[in-house]
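Chemist: Here the sequence shown stands for residues -19 to -1, 1 to 287, where the numbers follow mature numbering (1 follows the signal peptide of the UniProt record, and there is no 0).
Quick reminder that beta carbons are idealized off the backbone N, C-alpha and C, glycines included.
All figures in this text were calculated on a predicted structure; none of them were measured in a lab.
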Amino acid sequence: MAALISLLTITLLTTPAISSVDSFVYGGCSQIKYTPGSPYESNVNSLLTSLVNSATLTVYNNFTIKSPTSQDTLYGLFQCRGDLSNVDCASCVARAVSQLGTLCLDSSGGALQLDGCFVKYDNKTFLGVEDKTEVLKKCGPLIAYDSDGLNRRDGVLDYLGTSDGSYKPFRVGGSGDVSAVAQCVQDLSASECQDCLSEVVGRLKTYCGAAASGDLYLAKCYVRFSKAGAHSYGGNGKLLRHRPAGWWFKVNVEVFKKILEQAVDDDEDDDDDEVEKTLAILVGLIAAVALLILFITFLKKRLWER
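So this is what it looks like as structure tokens:
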């Protein structure tokens, strides 16, 4: 029994956690519902399937599902973090689409930001539309920056918010112990992307002052920075703390609970599988030892009879 407990403990402790790429950052849904079984539901399913399939090939794509009636026409996109492989991008988008099924059940539109990807759909076109609506703001603890440290931090942010003339929707920068990342949704033009990132950088420096880290998401771009050891770029697992002027940002604690429960259920399923495998191995080992003991006993008996 002691050996069994030891093996089970090792198994449970070494079960991998959900990747930070899949960590929940924010999400929201349209308050308008569609009728289950309607053509619109079929369009939603078709769109989300297209997003997942496309994510195996590229880090960004958008789709339009046309219908005879304008209210049933559907628009959608996904955007993965620029440093993700196709495999990680596809995994993240699949996870986001799965969570949208819980978060936005029967909603005519929805959006979900995980640490590694963003997915959105709606029956009102938003593709190619610049949107500086503030979605999520988070600042770390205040620290005592010296003048050089603060200048390095501001220099990194300014670098991310400055254009070199080329279209760079994903940007990373660092100086000393300060690192940062920025990204636009790629339905924006180069000038719109630059405008969005410049806006975020300006607001972030104002909001977070001398904070050790800061995250600021607008509807179409974001910037995050961190002083070494102060902040991980993993998702914070929080729903929107600031209600912007957008239809789909509906703060709902119960929805977030469902997402957490889903993640826990996934982990518990993995744990159950590991436990069953461990028990099967132990049963096999016990059976093998029992057969070995019987064989040795049989040999001793034959030798004794001689």
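Just verifying my parser: in three-state terms, what is the DSSP assignment at S1?
Modeler: S1 falls in the helix class under three-state DSSP.
Chemist: By the 10 Å Cβ neighbour count, where 16 or more other Cβ atoms means buried, how is Y102 classified, buried or exposed?
Modeler: buried
Chemist: Shortest alpha-carbon distance to R205 belongs to which of L141, A171, C73 and D176?
Modeler: L141
Chemist: Using CA coordinates, which residue listed in V166, E180, C202 and A161 is at the minimum distance from A193?
Modeler: That would be A161, whose Cα lies nearest to the Cα of A193.
Chemist: Tell me whether Q52 is buried or exposed, calling it buried when 16 or more other Cβ atoms sit within 10 Å of its Cβ.
Modeler: exposed
Chemist: My assumption, with CB atoms under 8 Å, is that D3 sits in contact with L95. Please give the rounded CB distance.
Modeler: 6 Å
Chemist: Assess contact between the region 79 to 94 and the region 3 to 12, defined as three or more Cβ pairs (one per stretch) separated by less than 8 Å. Is contact present?
Modeler: yes
Chemist: Return the chain-ordered list of same chain residues with a C-beta closer than 8 Å to the C-beta of V264, the five sequence neighbours on each side being excluded.
Modeler: Residue placement at V264 is flagged as unreliable, the pLDDT there being 49, under the threshold of 50; the coordinate-derived value follows with that caveat. Around V264: no qualifying Cβ.
Chemist: Would a C-beta distance cut-off of 8 Å place V40 and G63 closer than the cut-off?
Modeler: yes
Chemist: With 16 other CB atoms within 10 Å as the buried threshold, where does S172 fall?
Modeler: With fewer than 16 other Cβ atoms within 10 Å, it is exposed.
Chemist: Taking DSSP's pairing of strands, which residues face Q60 in a bridge?
Modeler: Y41 and F99
Chemist: Where does G90 land, buried or exposed, given buried means 16+ other C-beta within 10 angstroms?
Modeler: For G90, the number of other beta carbons within 10 angstroms of its own is at least 16, and it is reported as buried.
Chemist: Do you know how far the Cα of V25 is from the Cα of V74?
Modeler: So the alpha carbons of these two residues sit roughly 15 Å apart.
Chemist: Applying the 10 Å Cβ sphere with the 16-neighbour rule, what's the burial state of N43?
Modeler: Answer is buried; the Cβ neighbour count reaches 16.
Chemist: Give me whichever residues DSSP pairs with A171 in a beta bridge.
Modeler: Paired residue(s): none; A171 is not in a bridge.
Chemist: Classify K186 as buried or exposed, calling it buried when 16 or more other Cβ atoms lie within 10 Å of its own Cβ.
Modeler: Classification for K186: buried.
Chemist: For the alpha helix (DSSP H) that A77 lies in, which residues bound it at each end?
Modeler: Where A77 is concerned, the enclosing alpha helix (DSSP H) stretches over N67 to L84.
Chemist: For T106, collect the residues of the same chain with a Cβ closer than 7 Å to its Cβ; drop the 5 residues on either side in sequence, then sort them by chain order.
Modeler: In the same chain as T106, and ignoring 5 residues on each side of it, the C-beta atoms closer than 7 Å to its own belong to Y56, in chain order.
Chemist: When you compare each of Q60, P20 and S35 to S48 by their alpha carbons, which one comes out closest?
Modeler: P20
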